[in-house]
Each structure stands twice: as structure tokens, then as C-alpha cells.
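Accompanying notes for the structure given below.
Protein chains in written order, with this note's numbering: chain A, 57 to 293; chain B, 15 to 399.
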């Protein structure tokens, strides 16, 4: 972690760049979900109402494609930053799933259900956060690929049969529900309603986490930072 | 002789009053008669039964038959002529439509039945609710009046197009018969020929369509022109109110193709309207996309044929060209797979299985999320105690 963080009670967890990526993803995904669901639910009042708001199918399509453009740009930037920046690469390496994540999940379940086991010690990203990252990543890739085929329908029709086109259209609609669940049921619970963070984990705006929270939620990272001298010890608690 | 007649009938004050009748003028305006088509016809040429003067108080009806035999024959077989034979007083005779002493040629702009004015003459009776009330077989006056707003009525009234049909253009003139009479120009089996009188190219296309074939085979349901376009309400396809406006086409075709009885009776493919409505084309069209395909975009309209017919636009071999009309990239490869897909295993197995997979996947995912939350909150509360 960057030097100059000693002597403070909080530490930077997300850079401004990362927070902007998150904000843009949040906005574009929200717009994509709203404009997408208005098509998915076109035969009930909410869909009809949304379609009317968006200016019919033509307006809806235009908004949806603009938002998709933003999403793809951020995703592209993200991949490039993993490949070509030190920070991005380091973050990604810590995001890789490991066998330990599965064992952590089992331990957390045992711990919550009252078995006499200690709470597992997490590193910078715990298994919940990794699940979110990868679930969103895989779902987004699915959406981008199927979405591009639907966007460039005429070109896509030259290379794929109708049944594949139908499958992609179906996939695009159903996968959006999966993304909705991952974000609204899981992610929002995780960053708002989890007892540890209620009413909100502010780090997505401030980019900072208190050392106390870091020690409690990411003890392995905390230890590593303390040993490297990047942060002070107990004096900051 | 005429001079003899006009000695009395040239007097504007001459009237006739018979018991039970209002007094009627018996005056004949010499100038009007002279200008008429019959200016050179002797009075007795039309008025028979005058053997001496002064003639008898009651003379037979004026006789047009002497000269106009063909018209008289046609009239006698018409619904009007049959009514006259039954002594129906509402029925129009020759003079009711053509006028009397003022009669001029049909082509003459002053004629009551000149094409641009002719509809008014029919409407004098057919748009009069008092007359239709006395004759239950007559069509509703609103239906008759709708003609005025139709593309044909507007062409005549607004654009002065004499080639656009007025009443007689479709129903015929002297021989007019009700639509359920096989001899009527507007009988189901004759409509196509009648419309084809002007719309010749369309008739040629239609004659070969599955609808025309079924119609000639005796189908009582197969649509002729009016089945899709309407009759008195007929509107241009560009008119949003038209039955064949792009947005209304699925409903118009669906009137038969989504009707269970008809679909069953003719062994038609099922759920065509529903599967279209669920498709991207259907949704786009419903919410205002004017370019989205409707039934006719792919199946054609006047020349519509079943997919089993190699000439059909939706025959397997022709699909690349048909889809290619809007999607230039769509080739032979794209034509693989069904178009109207239902949510069943047989119709579209791939879609069916992916759909089923997601139903389960989404359900299980929700349970996992909710279960995990419940577990964490349970653990949190247990530890706080």
C-alpha cells in the first residue's frame, strides 16, 4: 500500500480510478436493466409504462445501446488496466479464486450456525467479494456477447442460424435476471444490509476503510500491511 | 301530338288531385324537356295508353322498356325490380334514380347518376333510417354512410376521380342484387372479379393465392378482398385506421388464423398470432416500430401461399431472400430453425431447454442468496445474545 498512510485511522482501499469504474458500471448497468426489463416485461403495466417513458421501442433501443457502449468501454478499460497497469494487475491477482475460498465459506457457515470454530481470516478480498466480481464479470461477458449479436442483427444473421439467434435473445433476457439477482439481492444486501456494514459500506464513495474494519474483515491484509510498515499498529484503533 | 299535349301540360297551374293523394303538378316545362336526352322523343313514346284526348285520368306508368330493353331486363331481376313486382312503394323506379322530363345522359355532369354524384342518389334511400326500418333486409345506414370516409368515397368526393368506385362501381347498376345472391357483383365468389375490374394486377396475384384457391374450392371462411380490406370502410394501408395498416395486420390475419374453429377445420398452424406477438418483430411493431415485420412482410399478402408451396415467400428455399428484404445479411444459414417458435420442447428444443435451465438456475440462486442471508443474520443475532 502507498506510503504516507501511517498515523491515520483509515486507509485507502479503492483508488479514484477504481471508484469511477464502479460508478460507471453501476449507472450503465442500472440503465441497461431498466431499459432491458421494459422489453422483457412488455406485456405487463410496468413494462408498458417504462416503454412509454423511454419513447417506444426505438427510444428504448437507443438508450440501451448507449448504456451498453459505456459498459463495454469500462469493461474494456478494466481488462486493459489488468494487463498493463501494476495496480490493476495486483488487484486482479488477489481476486483470483482459490481453494481456500471454498473452505472459508464452509467455515463461515459452521461459525454462524454455532459450531465451535473460529471465524476464518480473510485476505484483501473474501469469497463473497470474489463471487460478486466473477459472477458480474461472467454475466456481463455473456450479456455483451449476446447483446452484440442482437445489436448487429443483420451482420449476425449472415453467420448464425435463426435458432442460435433465438437462443441468444433468450439468453440475453434470462441472464439479465441473474445479474439483477446478483446485484439487487446479493450485492445490495452485502454492502447495505449485512449487520456488519448497515446502513452502508461507504468505501465505494470515500475509497477508504477504517483500520479497525480492515483488521476485523481482512485480517490477513491488515497483518501484511502492518508488517511492511505501511500502517501503524494498534495505536490507531 | 306534342303540341296537343302541351296545350294542357304547358300550363304551370295544371294539377291533379285524386282521392287520397296530395295534389300534384302536371306541368311539363317545355325548356327542360327540350334540353333533356329525350327532347326529341314524342310524349307518347314514354307515356302509353293515350288513345284519345282528353286522355283518361289515370294512365299507366311511363314506359322506358320500349327503348331500354336491356336495362329493363336487368332491373326486373334486381332486388329493386323484385320489390317493384311485390308492389313495394319504397322501391326506386327508373325515374327515381335517373329523373323524369329532365333526364340527361349518365356522362352528362348534370345527370343525377353521373359518377361523381351517383352515391347521393343511392343514399337518398339507403342512408334514410325510416326506409331501412321498413326493410329489415337492408344494411345498416351507418355502414352505408361509412363509404363517404372510405378511400374510394374520398377519391370521388375530394379528388373528383371518376375512376374511383361509387356505389354502382361495385354493386352494379340496374341489376343490383344483395350480397348473399350468387348473381350479385358483391357476392363472396364475385368480389375478387369486381374489385379486379380496376385492380387488375392485384387480381392476378390474388387468384393464385391459397385464399383464392380455398374460396373456389367452396370454403365459406377463406377471405376474398373484402375479408381483409373491409368494404364500405375500406382505407388505404397508409391510413392507421385501415384493417391492413401495418399495425392492424396481425389482428386482421388473426381474426381467422387465431380463431380456434377455423384453425382446426382447415388444419392451419396453431398459435401464429401469439408466437408473433411474443417475437421481437411483434413487440417492436406493437410499441411503434414502423419497420418491424408483420404477417404480410414475410408471407406476402395478395399472393399468400402455404410454406409447402415452392412459390411461397416462406418456403424454406425462399426464406433467405424473404428475410433478406430487411436483413441483407441473412443467408441460407439463417433459414435453419423455425420462425414462429412456441414454448414447447417440440417447437424449439434449444430454447425450451435454455429456458428451463434458467428457471431452475434463477430459482436455486435466489434460494442460495436468501439462505445465506438468513444464516448470517442468524449467526449475528446468536452471537449478540
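Virtual Cβ for every residue (Gly too), placed ideally from N, Cα, C.
CB contact check: residue i to chain B, cutoff 8 Å
i: residue 230 of chain A; result: yes
i: residue 260 of chain A; result: no
i: residue 190 of chain A; result: no
i: residue 149 of chain A; result: no
i: residue 233 of chain A; result: yes
i: residue 134 of chain A; result: no
i: residue 217 of chain A; result: yes
i: residue 56 of chain A; result: Nothing can be reported for residue 56 of chain A, as the shown portion of chain A is limited to 57 through 293.
i: residue 199 of chain A; result: no
i: residue 222 of chain A; result: yes
i: residue 195 of chain A; result: no
i: residue 167 of chain A; result: yes
i: residue 78 of chain A; result: no
i: residue 59 of chain A; result: Interpretation of residue 59 of chain A is limited by its pLDDT of 45, a score under 50 that renders its predicted location unreliable; the figure taken from the coordinates is listed afterwards. Not closer than 8 Å to any Cβ of chain B, the Cβ of residue 59 of chain A fails to qualify, so no.
Cβ-based burial, residue i [other Cβ within 10 Å; buried from 16]
i: residue 60 of chain B; result: buried
i: residue 264 of chain B; result: buried
i: residue 154 of chain A; result: exposed
i: residue 25 of chain B; result: exposed
i: residue 176 of chain A; result: buried
i: residue 318 of chain A; result: With chain A running from 57 to 293 in the structure shown, residue 318 of chain A is simply not present.
i: residue 283 of chain A; result: exposed
i: residue 50 of chain A; result: Here chain A comprises residues numbered 57 to 293, so residue 50 of chain A is not present and cannot be evaluated.
i: residue 129 of chain B; result: buried
i: residue 215 of chain A; result: exposed
i: residue 158 of chain A; result: exposed
i: residue 145 of chain A; result: exposed
i: residue 101 of chain B; result: exposed
Proximity winner among the options, relative to residue i (alpha-carbon distances)
i: residue 103 of chain B; options: B:118, B:148 and B:112; result: B:148
i: residue 236 of chain B; options: B:358, B:316 and B:376; result: B:316
i: residue 258 of chain B; options: B:198, B:228, B:309 and B:106; result: B:309
i: residue 97 of chain B; options: B:251, B:191, B:51 and B:391; result: B:191
i: residue 39 of chain B; options: B:46, B:388, B:28 and B:49; result: B:28
i: residue 109 of chain B; options: B:86, B:164 and B:371; result: B:86
i: residue 122 of chain B; options: B:176, B:157 and B:162; result: B:176
i: residue 127 of chain A; options: A:72, A:116, A:142 and A:89; result: A:89
i: residue 253 of chain B; options: B:163, B:396 and B:335; result: B:163
i: residue 2 of chain B; options: B:113, B:204 and B:282; result: No answer is possible for residue 2 of chain B: it lies beyond the span of chain B, which begins at 15 and ends at 399.
i: residue 105 of chain B; options: B:56, B:239 and B:188; result: B:188
i: residue 268 of chain A; options: A:251, A:287 and A:188; result: A:287
i: residue 74 of chain A; options: A:65, A:244, A:143 and A:270; result: A:143
i: residue 139 of chain B; options: B:124, B:107, B:378 and B:333; result: B:107
i: residue 94 of chain A; options: A:208, A:150 and A:229; result: A:229
i: residue 262 of chain B; options: B:329, B:306 and B:275; result: B:306
i: residue 199 of chain B; options: B:216, B:181 and B:127; result: B:181
i: residue 199 of chain A; options: A:165, A:218 and A:234; result: A:234
Residues that residue i contacts on chain A, provided the C-beta gap is smaller than 8 Å
i: residue 341 of chain B; result: 209, 210 and 213
i: residue 381 of chain B; result: The contacting residues do not exist; residue 381 of chain B stays about 11 Å from chain A at best.
i: residue 135 of chain B; result: Here the premise fails: no neighbours, minimum Cβ distance about 47 Å.
i: residue 362 of chain B; result: 219 and 222
Cross-chain neighbours of residue i in chain B, by beta carbon under 7 Å
i: residue 170 of chain A; result: 396
i: residue 242 of chain A; result: 383
Amino acids of chain B, ordered along the chain, whose beta-carbon sits closer than 8 Å to that of residue i
i: residue 112 of chain A; result: 301, 302 and 303
i: residue 72 of chain A; result: The contacting residues do not exist; residue 72 of chain A stays about 31 Å from chain B at best.
Contacts of residue i in chain A (Cβ-Cβ under 7 Å)
i: residue 391 of chain B; result: 251
i: residue 387 of chain B; result: 245
i: residue 298 of chain B; result: 113
Interface flag, residue i vs chain A, CB-CB below 8 Å
i: residue 350 of chain B; result: yes
i: residue 328 of chain B; result: no
i: residue 365 of chain B; result: yes
i: residue 315 of chain B; result: no
i: residue 216 of chain B; result: no
i: residue 399 of chain B; result: no
i: residue 353 of chain B; result: yes
Residue i: contacting residues in chain B (beta-carbon distance under 9 Å)
i: residue 227 of chain A; result: 368 and 372
Residue i: contacting residues in chain A (beta-carbon distance under 9 Å)
i: residue 345 of chain B; result: 213, 214 and 215
i: residue 376 of chain B; result: 230, 233, 234 and 237
Chain B contacts from the stretch 267 to 286 of chain A (Cβ-Cβ distance under 8 Å): none
Residues within the stretch 242 to 272 of chain B neighbouring chain A, beta-carbon criterion of under 7 Å: none
Members of the stretch 83 to 117 of chain A that neighbour chain B once the beta carbon cut-off is set at 7 Å: Listed by position along the chain: 95, 98, 107, 112, 113 and 114.
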